[in-house]
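Before any comments, here is the structure.
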Amino acid sequence: MKTIESKVMIALWIFGLWTSQILVEARRGHEAILTPHHKATKISKTSKSSHFSNVCKTKACEHRAKYITASLNKEYKPCDSFYDHVCSNWMFYHPIPDDKSSASVLEGLDDKLTEDLKAIFENTTYKTENQNVTDKVLGAYKNCMNTSIPEKTQFYALTEVLSRVGGEYWPVWPPPKVREVLPTWDQLYTKIHTEFAIDLLFVIGVDKDPKNVSNKIISIERPSAGSDLHLFMKRSSRKKNKPLDPKDLAYLTLMASCIKAFNPKLSFKQVKRVILDIIWFETNVTKILEAAENKTGTDLKFYRMTIADLRNISEHVDWLQMLQRLFDTVNVTLTPEEPVVLNELYYFKTVVDFIMRNTSRHTTYNYMIWRLIRNIGPIALPKLRELSFKISQASRGVKKDIPLSTRCVYYIGDVMDFPTGRLYVERYFSKEAKKDILDLVNELKDAFSASIRRTKWMDRSTKAHALKKLDNMVKLVGYSDDLLNDTYLNDMFKEVRKTRLYGNPPMTELFICVCVRVLVLLCVFQLF
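So for the sequence shown, UniProt numbering puts the first residue at 1; every next one is plus one.
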């Protein structure tokens, strides 16, 4: 939903620029033919009409006017301290909530959206049989809010989810005598990617071809260096031989608790050994990431090649087989000649070389499954949510955790964004208002087209190219029509089973299982 909203804002911003240009040109053209008498008459009429105009008489306008004036602090003169005049009252009336580390106008809008969705989820009835996609969303919210499910049941559900990718052996210590019992790093990567839409070490997907945006191409990018473990390693490198600060202690406590929960037989020394093994791996990946960022900076570079050419990065990886495992989910067969695009080369060469030459299979396994647990564990287990909150408390200064209802809205909004958007649109959007805006967009488009045709500084070919781009412009207004397409949405989420509350009758799936099923679908969508 956020992606759609940002596109809408960009589209409206562009139209705003176009409108300004059109109005300025129209005004200049009109004023050019006015005589002094006409201009004087126009000014006189304007002053009279402005005196009697209905400025800000709508409820929405009056509400925003009161909001703005309430934020102004008249004790400060704008010429002396404009910031205090405009902002100090806003900060006074909008203190930072205990469950947040900051407050802003945009965060306030996000909070309003969350509260609106919460009201929809809690006050809308849904069917338990013959469910459509919105019934599944509402049922999933009720399951997420259900605190009566025994912790053992939730933990068992999490272990079942991990077993989908071979994670039932985690944590592995001591190292197995026969390493083949564990999947290789590339096998584990593709399993985690296809089951959970989570990218570790690489970000692989389908994107627009940089050289021809009308075509799509397989893209391989390095991940962003922003995980908790990555930040932990950066702090540790700056604080050698110093006591752990609360942030690091909270993170290590979370790691140790998870390791002990999944294998209670491990001794303290063995738990420590697993933690150090994971940290050692992340340390080296972090160094490679930082070196890659320093080499490439912010410049966007693209290296186009075929899958067969990827052997130049590493001959130890069967790239065709690895990528084919991903695209098997969408029934697409790849060939060695399939083009791919990389945003850089150093990171991929170095990280693959590090994995193949310097790491054991159980080390990469422990690291990758830990990253998976860190992502999905708090969805399943309240205990992991509590430990994760300790990290937020130490690192961001929050005083209390967000309510479960808010957390559930976040979860569902992330994994089931289209049906969630459908519920929101039905409640808060007007089809007539969207039609009015679309009519305005079409008028602006026609006016801009006429402006291009009248322009004298463009030659004929440039005008033709500009008009072609204008014809290909996509109108993003309010919401996608797909949100109101029952067939489209129900088909998109048909693999998500019907959801019931835990109890009598027993629910079909726990909330974590619903999330995983949707994540599988999201991975498929990324490959189209």
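Beta carbons: idealized from backbone N, C-alpha and C, even for Gly.
- Task: Assign asparagine 212 to one of three DSSP states: helix, strand, or coil.
- Result: Sequence index remark: in the sequence shown, residue 212 carries index 212 (1-based). Strand, per DSSP.
- Item | alpha helix (DSSP H) segments (min. 4 residues) lying fully within the stretch 385-441 | 404-415, 417-428
- Query: On the three-state DSSP scale, how would you describe serine 219?
  - Reply: Here residue 219 refers to the residue found at position 219 of the sequence shown. Correct three-state label for serine 219: strand.
- Between the Cα of lysine 265 and those of Trp170, Pro223, Ile307, spot the shortest distance and give me the residue it belongs to. As a position in the sequence shown, residue 265 is number 265, starting the count at 1. Nearest of Trp170, Pro223, Ile307 to lysine 265, Cα basis: Trp170.
- Message: Suppose you measure from the CA of leucine 320 to the CA of methionine 305; what does that come to, to the nearest Å?
- Response: Within the sequence shown, numbered from 1, the residue matching residue 320 stands at position 320. Within the sequence shown, numbered from 1, the residue matching residue 305 stands at position 305. Whole-angstrom Cα-Cα distance: 13 Å.
- Message: Report the CB separation of residue 534 from threonine 128 in whole angstroms; it is logged as a contact under 8 Å.
- Response: Lying before the first or after the last residue shown, residue 534 is absent from the chain, which here runs from 1 to 528.
- isoleucine 217 versus proline 223: straight-line alpha-carbon distance, rounded: Against the sequence shown, residue 217 aligns to sequence position 217. Against the sequence shown, residue 223 aligns to sequence position 223. So the two alpha carbons sit approximately 18 Å from each other.
- Euclidean distance between Cα positions of glutamate 122 and methionine 145: As a first step, residue 122 must be located in the sequence shown, where it is residue number 122. As a first step, residue 145 must be located in the sequence shown, where it is residue number 145. Looking at the two C-alpha atoms, the distance is approximately 10 Å.
- Item | Rounded straight-line distance, which links the Cα of isoleucine 120 to that of alanine 447 | As a working note, residue 447 is residue 447 in the sequence shown. As a working note, residue 120 is residue 120 in the sequence shown. Taking the straight line from one Cα to the other gives about 40 Å.
- Message: Closest to tryptophan 370 by C-alpha separation, out of Thr114, Leu254, Tyr141, would be which residue?
- Response: Taking the first residue of the sequence shown as position 1, residue 370 is located at position 370. Minimum Cα distance to tryptophan 370 is reached at Leu254.
- Task: Tell me, please, which residues DSSP counts as bridged to isoleucine 204.
- Result: Along the sequence shown, one-based indexing puts residue 204 at 204. For isoleucine 204, which the question treats as bridged, DSSP gives the partners Ile220.
- Item | Coarse secondary structure for leucine 476, derived from DSSP in three states | Taking the sequence shown and counting its residues from 1, one reaches residue 476 at position 476. Here leucine 476 sits in coil by DSSP.
- Contact the stretch 430-440 vs the stretch 158-177: 3+ CB pairs below 8 Å: no
- Secondary structure of proline 336, DSSP reduced to three states: Residue numbering aside, residue 336 sits at position 336 when the sequence shown is read from its first letter. DSSP places proline 336 in coil when its eight states are reduced to three.
- Could you say which of Tyr367, Arg357, Asp207, Lys112 lies nearest to tyrosine 189 if we only look at CA atoms? Translated into positions along the sequence shown, residue 189 becomes position 189. The shortest C-alpha separation from tyrosine 189 is found at Tyr367.
- Straight-line CA distance for aspartate 471 to leucine 440? Within the sequence shown, numbered from 1, the residue matching residue 471 stands at position 471. Within the sequence shown, numbered from 1, the residue matching residue 440 stands at position 440. Spanning the two alpha carbons is a distance of roughly 16 Å.
- Message: Which residue marks the beginning of the beta strand (DSSP E) containing tyrosine 303, and which one marks its end?
- Response: Your numbering for residue 303 matches position 303 in the sequence shown. Element bounds for tyrosine 303: 303-306.
- Query: Skipping 5 residues on each side, what residues in its chain have a beta carbon closer than 8 Å to that of alanine 466?
  - Reply: Counting from 1 along the sequence shown, the entry for residue 466 is found at position 466. So the qualifying residues of the chain are Ile452, Met458.
- Query: Which word fits isoleucine 391, buried or exposed, when buried means at least 16 other C-beta atoms lie within 10 angstroms of its C-beta?
  - Reply: To locate residue 391, count along the sequence shown from 1; it is residue 391. Its Cβ being crowded by 16 or more others within 10 Å, isoleucine 391 is buried.
- Message: Just to confirm the assignment, what range does the alpha helix (DSSP H) spanning glutamate 290 have?
- Response: By 1-based counting over the sequence shown, the position of residue 290 is 290. 268-296 is the span of the alpha helix (DSSP H), which, as asked, contains glutamate 290.
- Note down the Cα distance separating methionine 1 from lysine 269, rounded to an integer number of angstroms. Taking the first residue of the sequence shown as 1, we reach residue 1 at position 1. Taking the first residue of the sequence shown as 1, we reach residue 269 at position 269. For methionine 1, the predicted model reports a pLDDT of 44, less than 50, meaning its position is unreliable; a value from the coordinates is still stated below. Distance between the alpha carbons of methionine 1 and lysine 269 is about 46 Å.
- Do isoleucine 220 and valine 340 have their C-beta atoms within less than 8 Å of each other? For this step, residue 220 is matched to residue 220 along the sequence shown. For this step, residue 340 is matched to residue 340 along the sequence shown. Yes.
- Message: DSSP three-state label for leucine 310, please.
- Response: Along the sequence shown, read from residue 1 onward, the residue named residue 310 stands at position 310. DSSP places leucine 310 in helix when its eight states are reduced to three.
- Proximity to leucine 201 [Cα-Cα], best of Thr462, Pro382, Thr364: In the sequence shown, residue 201 corresponds to position 201, counting from 1. Nearest option by C-alpha distance: Thr364.
- Excluding the five sequence neighbours on either side, which residues of its own chain have a C-beta within less than 6 Å of the C-beta of valine 398, listed in chain order? On the sequence shown, position 398 is the one that residue 398 refers to. Excluding sequence neighbours, valine 398 sits near Asp99, Ser101, Ser392.
- Message: Which same chain residues end up closer than 8 Å to tyrosine 428 when comparing Cβ atoms and leaving out the 5 residues on each side of it in sequence?
- Response: Position 428 of the sequence shown, counted from the start, is the residue given in the question as residue 428. Closer than 8 Å at the Cβ level, and outside the excluded window around tyrosine 428, lie Asp116.
- C-beta contact flag for arginine 164 and arginine 361 at 8 Å: Reading the sequence shown from its first residue, position 164 is the one you call residue 164. Reading the sequence shown from its first residue, position 361 is the one you call residue 361. No, the pair does not count as a contact, with Cβ atoms beyond the cut-off.
- DSSP three-state assignment for leucine 345, whether helix, strand or coil: On the sequence shown, position 345 is the one that residue 345 refers to. Note: leucine 345 maps to coil in three-state DSSP.
- Query: Assuming serine 388 and proline 403 make a contact with CB atoms under 8 Å, what is their CB distance in whole Å?
  - Reply: Along the sequence shown, read from residue 1 onward, the residue named residue 388 stands at position 388. Along the sequence shown, read from residue 1 onward, the residue named residue 403 stands at position 403. Wrong, their Cβ atoms sit about 15 Å apart, outside the cutoff.
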